[in-house]
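To start, the structure under review is shown below, and the notes come after it.
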Ligand SMILES: Nc1ncnc2c1ncn2[C@@H]1O[C@H](COP(=O)(O)OP(=O)(O)OP(=O)(O)O)[C@@H](O)[C@H]1O
Ligand SMILES: Nc1ncnc2c1ncn2[C@@H]1O[C@H](COP(=O)(O)OP(=O)(O)OP(=O)(O)O)[C@@H](O)[C@H]1O
Ligand SMILES: [Mg+2]
Ligand SMILES: [Mg+2]
Ligand SMILES: [Zn+2]
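Protein chains in written order, with this note's numbering: chain A, 5 to 263; chain B, 45 to 356; chain C, 32 to 274.
Printed below as a string of structure tokens:
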């Protein structure tokens with residue numbers, strides 16, 4: 005049975021920092037509408053992998069191809085830098101673990117969301133504002149805070165603002181590094197619920213780095229387990245969590261209560 | 045106007061080359077100017093020499109002027125529109141001594157106008173050069189502190205962020221409140237800071253017959269707008285660019301369409317508005333135009349302004 | 032029904048399935064569950080998995096759903112999908128194909144509901160239907176009908192089931208499993224924590240599913256329920272091979 009071509013194809017990706025292999029020979033495909041979770045212990049190379057995939061860190065070796073609109077699978081590191089930057093602000097989104105890295109703290113919440121629209125040429129203030137309002141409502145941010153700077157927002161609000169800021173250009177692929185990290189449990193639950201809804205509603209594809217297996221269970225269709233820069237196991241999320249094969253995955257799963 | 049060749053035999057004051065700068069430095073700056081003219085709005089870095097003035101006094105503009113000025117030139121220097129403030133007087137005196145060029149207050153008579161924070165009201169003509177003193181050449185600096193990132197944004201024409209700052213204005217004040225250093229696009233390619241001129245002057249930059257040069261001393265950048273180049277002030281479709289407007293006319297000369305300075309007359313809240321371009325105002329009065337202020341008050345005002353100059 | 036009819040109407044065909052757990056955290060202990068297991072289930076038929084506790088009933092059911100990865104063998108499922116119909120091997124298909132089969136063809140009612148934070152009961156039930164493109168309002172109407180039949184009071188439909196009792200959660204779970212008319216239904220002790228009245232509703236639901244042509248594989252501890260719904264019993268205690 006013929007399989008549609010993937011949205012993202014990664015072949016033999018390696019990232020070395022001196023003698024350290026942060027990512028070692030990683031290959032996989034991501035299909036449209038799929039959510040891939042990347043789990044593994046601290047230092048296993050998850051963030052490095054995400055940076056390489058999202059055109060922000062040129063890998064030492066290997067190829068990352070993305071299905072560019074109208075061009076098909078294209079090596080992203082063969083693109084010019086402006087093309088890559090354009091991709092990052094239009095067809096892709098990046099939600100950073102630390103909102104400080106993903107938001108403009110001195111720009112109002114509305115301006116943070118509107119920036120990507122203005123970056124692609126929107127020049128009607130009223131329309132930009134309406135769209136920003138729309139997205140703030142979608143991520144359940146109080147519209148009364150629209151003109152406030154995110155500096156004084158809570159961690160959960162900042163994370164939701166980051167999501168709105170990224171989704172406003174209707175990206176097809178979103179990269180998230182520990183989107184619920186540093187949030188308390190009830191705030192996490194709300195954010196997860198929001199993400200789950202958006203991913204489904206918008207048919208988003210996403211790669212989500214997390215060390216929280218419960219988050220992975222809730223959001224990811226598929227999991228990739230990393231250890232020491234290598235992918236030691238991959239599969240459907242429930243397969244990997246319920247019937248782990250690799251010793252490291254078994255250890256990982258058995259060391260948390262119930263996921 | 046002629047661009048005279050270096051005249052090293054005519055060192056005016058002992059120890060100084062013509063127009064103070066050595067010829068090698070001038071050549072280097074002229075090369076930067078040529079590059080700046082070739083790429084309108086693009087900030088060309090240059091290896092600036094120290095000038096006998098602290099930064100903030102227009103050293104960037106002075107280096108540009110020193111590099112282009114020749115014996116046949118006539119120089120006008122203004123500061124905030126006025127020919128007679130300390131800063132303007134000092135710079136004018138400096139070139140009068142080091143280059144022995146005639147100076148003028150009449151815009152039309154000048155071949156080079158060096159300015160801080162204004163464009164003269166009299167329209168500039170072909171053949172003239174206006175040299176702006178630039179405190180901060182990078183319009184993106186306040187929004188993006190990383191220099192490398194700013195350069196990339198220029199290189200790739202990624203100017204959404206500048207628009208964000210105007211958005212913030214409207215969100216906060218209901219309108220674009222930025223009234224100085226109002227950002228412009230040059231030749232539909234480079235985002236440029238017009239220096240802290242009032243946005244009132246922005247339209248004068250557009251399609252201007254004169255050559256416009258910009259020198260930033262501290263940041264060591266030169267940029268340019270060649271004659272007849274499109275200079276567009278950023279805005280939104282539903283919040284179009286608009287210049288400042290006053291209910292009043294100039295109290296001294298009655299001009300209706302000039303940039304006005306507010307002058308406080310007494311401690312009871314009395315105030316009046318007068319042309320910021322002092323020469324323009326004087327000329328109109330000489331031509332017989334009158335504002336609603338009496339001759340006596342005008343004299344008192346002139347005296348007060350004169351006193352200011354002495355204090356500064 | 033003739034033998035031939037039966038064969039042509041097969042919905043799921045298990046071939047030589049072998050499952051052994053290797054427990055690395057316990058010194059690499061090997062735990063053979065079944066070996067070379069084969070089983071075929073026809074459309075409209077219900078097969079009950081049978082055997083003592085630990086004999087591998089749930090393991091087989093989960094393997095049919097590709098929740099467990101068998102070591103050898105095939106789990107063929109007749110799938111009418113987006114990209115044409117045909118037999119798909121759940122034990123070997125790439126992940127996105129498995130997900131597609133799960134969306135359209137194979138439904139699974141686990142023993143316990145996996146609660147999703149903040150999602151109300153109605154939407155938990157409607158979700159699989161909505162995911163197939165059914166408008167949300169229609170999916171919700173169907174969800175309400177099922178929740179009603181399973182005696183979940185309307186007042187609870189808007190609540191997230193985290194605080195529901197075990198039996199209430201299980202009924203939400205069953206409603207979710209029956210929301211889509213899957214051609215194949217896998218049921219792991221769906222009636223375990225239900226009272227007689229609700230057991231009868233589940234039995235009715237299974238009959239209706241069979242009547243529309245669903246192949247059902249289930250684990251039923253309750254003899255009465257098993258006898259009421261199953262045509263056949265498949266005894267796991269006979270399947271433990273030298274895996
Ligand atoms: N720029 C760098 N230079 C040198 N070493 C680096 C660099 N970035 C990451 N590393 C190293 O690469 C390894 C992988 O780091 P990475 O940040 O990808 O881990 P991670 O899986 O995201 O961990 P965590 O869960 O703690 O965020 C680590 O040993 C880290 O110290
Ligand atoms: N994920 C797993 N990892 C390791 N071993 C497992 C796993 N799942 C099941 N087993 C083991 O496989 C064997 C079969 O278990 P299974 O749950 O299939 O039994 P069952 O027949 O469903 O029993 P019960 O009637 O008690 O539900 C048991 O020994 C069990 O411990
Ligand atoms: Mg990390
Ligand atoms: Mg069981
Ligand atoms: Zn006047």
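Note that beta-carbon positions come from the ideal geometry of N, C-alpha and C, so glycine has one too. Keep in mind the model is a prediction, meaning the values are calculated, not measured.
Closer than 7 Å by C-beta to residue 13 of chain A: which residues in its own chain qualify, once you throw out the five before and the five after it? Chain order, please. Reading the first chain from its first residue, position 9 is the one you call residue 13 of chain A. If we look at residue 13 of chain A and ignore the five residues flanking it on each side, its Cβ neighbours are 33, 69, 77.
Please state whether the Cβ-Cβ distance between residue 231 of chain A and residue 44 of chain A is less than 9 Å. As a first step, residue 231 of chain A is located in the first chain; it is residue number 227 there, counting from the start. As a first step, residue 44 of chain A is located in the first chain; it is residue number 40 there, counting from the start. Yes, Cβ-Cβ distance for residue 231 of chain A and residue 44 of chain A is below 9 Å.
With DSSP as the reference, identify every bridge partner of residue 25 of chain A, one or two as the case may be. If you number the first chain from 1, residue 25 of chain A lands on position 21. Residue 25 of chain A pairs with A:20.
Taking beta-carbon pairs under 7 Å, can you tell me which members of the segment 194–220 of chain B lie near chain A? 200, 202, 204, 205, 207, 208, 211, 212, 214, 215, 216
Near ligand 5: residue 296 of chain B beta-carbon under 8 Å from a heavy atom: What you label residue 296 of chain B is simply residue 252 of the second chain in a count that begins at 1. Residue 296 of chain B: yes, Cβ under 8 Å from ligand 5.
When burial is assigned at 16 or more other CB atoms within 10 Å of the CB, is residue 156 of chain A buried or exposed? Residue mapping note: residue 156 of chain A aligns to position 152 of the first chain, counting from 1. So residue 156 of chain A counts as exposed.
Just to confirm, does residue 15 of chain C get its C-beta within under 8 Å of one of the non-hydrogen atoms of ligand 2? Nothing can be reported for residue 15 of chain C, as the shown portion of chain C is limited to 32 through 274.
State the CB to CB distance for the pair residue 177 of chain B and residue 160 of chain B, rounded to an integer number of angstroms; the pair is presumed to be in contact (CB under 8 Å). What you label residue 177 of chain B is simply residue 133 of the second chain in a count that begins at 1. What you label residue 160 of chain B is simply residue 116 of the second chain in a count that begins at 1. About 4 Å; that satisfies the 8 Å criterion.
Under a Cβ-count criterion, where at least 16 other Cβ atoms within 10 Å of its own Cβ denotes burial, should residue 218 of chain C be classed as buried or exposed? Position 187 of the third chain, counted from the start, is the residue given in the question as residue 218 of chain C. It is buried - the Cβ of residue 218 of chain C has at least 16 other Cβ atoms within 10 Å.
Using a Cβ cut-off of 9 Å (strictly closer), state whether residue 5 of chain A contacts chain C. Here the question's residue 5 of chain A lines up with position 1 in the first chain. With a pLDDT of only 44 at residue 5 of chain A, under the threshold of 50, the placement of this residue in the model should not be trusted, and no figure is reported.
Using a Cβ-Cβ cut-off of 6 Å (strictly less than) and excluding sequence neighbours within five positions of residue 108 of chain A, which residues of its own chain qualify? Counting from one through the first chain, the residue named residue 108 of chain A turns up at place 104. Excluding sequence neighbours, residue 108 of chain A sits near 116.
For residue 181 of chain A, name the three-state secondary structure that DSSP assigns. One-based indexing of the first chain puts residue 181 of chain A at position 177. Residue 181 of chain A: strand per DSSP, three-state reduction.
If you run the structure through DSSP and keep just helix, strand and coil, what is residue 267 of chain B? Here residue 267 of chain B refers to the residue found at position 223 of the second chain. Strand at residue 267 of chain B.
Got a sec: does ligand 4 put a non-hydrogen atom nearer than 8 Å to the Cβ of residue 88 of chain C? In the third chain, counting from the first residue as 1, residue 88 of chain C sits at position 57. Yes, ligand 4 has a heavy atom inside 8 Å of this Cβ.
Using a Cβ-Cβ distance under 9 Å, would residue 163 of chain A count as near chain C? Position 159 of the first chain, counting from 1, holds the residue named residue 163 of chain A. So, not an interface residue.
Rounded separation between residue 96 of chain C and residue 54 of chain A - CA only: As a first step, residue 96 of chain C is located in the third chain; it is residue number 65 there, counting from the start. As a first step, residue 54 of chain A is located in the first chain; it is residue number 50 there, counting from the start. Distance between the alpha carbons of residue 96 of chain C and residue 54 of chain A is about 31 Å.
Residue range of the beta strand (DSSP E) that residue 72 of chain C falls in? Translated into the one-based positions of the third chain, residue 72 of chain C becomes position 41. Per DSSP, residue 72 of chain C belongs to the beta strand (DSSP E) from 60–73.
Quick check on the DSSP output: the beta strand (DSSP E) that includes residue 182 of chain C runs from which residue to which? Reading the third chain from its first residue, position 151 is the one you call residue 182 of chain C. Neither: residue 182 of chain C is in no beta strand (DSSP E) and is coded neither H nor E.
Please return the same chain residues whose Cβ sits closer than 8 Å to the Cβ of residue 271 of chain C, not counting the five positions on each side in sequence. In the third chain, counting from the first residue as 1, residue 271 of chain C sits at position 240. Around residue 271 of chain C: 63, 64, 65, 66, 86, 87.
Segments assigned beta strand (DSSP E), at least 3 residues, entirely inside the segment 195–237 of chain B: 228–230, 234–236
Would the beta-carbon of residue 67 of chain A be found less than 8 Å away from any heavy atom of ligand 2? Position 63 of the first chain, counted from the start, is the residue given in the question as residue 67 of chain A. Checking the Cβ of residue 67 of chain A against ligand 2 gives no.
Contacts of residue 333 of chain B in chain A (Cβ-Cβ under 7 Å): Taking the first residue of the second chain as position 1, residue 333 of chain B is located at position 289. Here the premise fails: no neighbours, minimum Cβ distance about 40 Å.
Based on DSSP bridge pairs, tell me the residues matched to residue 91 of chain B. Taking the first residue of the second chain as position 1, residue 91 of chain B is located at position 47. None; residue 91 of chain B has no bridge partner.
On a CA-only basis, which of A:234, A:243, A:233 is nearest residue 226 of chain A? Give me that one, please. Here the question's residue 226 of chain A lines up with position 222 in the first chain. Nearest option by C-alpha distance: A:243.
For residue 250 of chain A, I'd like the list of residues in its chain whose CB is within less than 8 Å of its CB, leaving aside the five on either flank, ordered along the chain. The residue given as residue 250 of chain A occupies position 246 in the first chain. 229, 236, 237, listed in sequence order.
If you count every other CB in all the chains shown that lies within 10 Å of the CB of residue 172 of chain B, and 16 or more means buried, which is it? As a position in the second chain, residue 172 of chain B is number 128, starting the count at 1. With 16 or more other Cβ atoms within 10 Å, it is buried.
With a cut-off of 9 Å, does the C-beta of residue 65 of chain C fall near any C-beta of chain A? For this step, residue 65 of chain C is matched to residue 34 along the third chain. Not closer than 9 Å to any Cβ of chain A, the Cβ of residue 65 of chain C fails to qualify, so no.
Among C:167, C:145, C:127, nearest to residue 8 of chain A - alpha-carbon criterion: Within the first chain, the letter at position 4 stands for residue 8 of chain A. Nearest C-alpha to residue 8 of chain A: C:127.
Would you say the beta carbon of residue 149 of chain A is closer than 8 Å to some non-hydrogen atom of ligand 5? Counted from its first residue, the first chain places residue 149 of chain A at position 145. No.
Residue 177 of chain B: first and last residue of the uninterrupted beta strand (DSSP E) it sits in: Translated into the one-based positions of the second chain, residue 177 of chain B becomes position 133. Segment 173–177, the beta strand (DSSP E) holding residue 177 of chain B.
Residue 294 of chain B - DSSP class collapsed to helix/strand/coil: Residue mapping note: residue 294 of chain B aligns to position 250 of the second chain, counting from 1. Here residue 294 of chain B sits in coil by DSSP.
Between residue 128 of chain A and chain B, is there a C-beta pair that is closer than 9 Å? Within the first chain, numbered from 1, the residue matching residue 128 of chain A stands at position 124. Yes, contact with chain B.
Below 8 Å, is the gap between the Cβ of residue 101 of chain A and the nearest heavy atom of ligand 3? The residue given as residue 101 of chain A occupies position 97 in the first chain. True, at least one ligand heavy atom lies under 8 Å from that Cβ.
Since residue 56 of chain A and residue 19 of chain A are thought to touch, with beta carbons under 8 Å apart, how far apart are those beta carbons, to the nearest angstrom? Working through the first chain from its first residue, we reach residue 56 of chain A at position 52. Working through the first chain from its first residue, we reach residue 19 of chain A at position 15. Rounded, the Cβ-Cβ distance is 6 Å, consistent with contact.
In three-state terms, what does DSSP make of residue 166 of chain B? Taking the first residue of the second chain as position 1, residue 166 of chain B is located at position 122. In this structure, residue 166 of chain B counts as coil in the three-state DSSP scheme.
Would you call the segment 143–153 of chain C in contact with the segment 187–196 of chain C, where contact means no fewer than 3 C-beta pairs closer than 8 Å? yes
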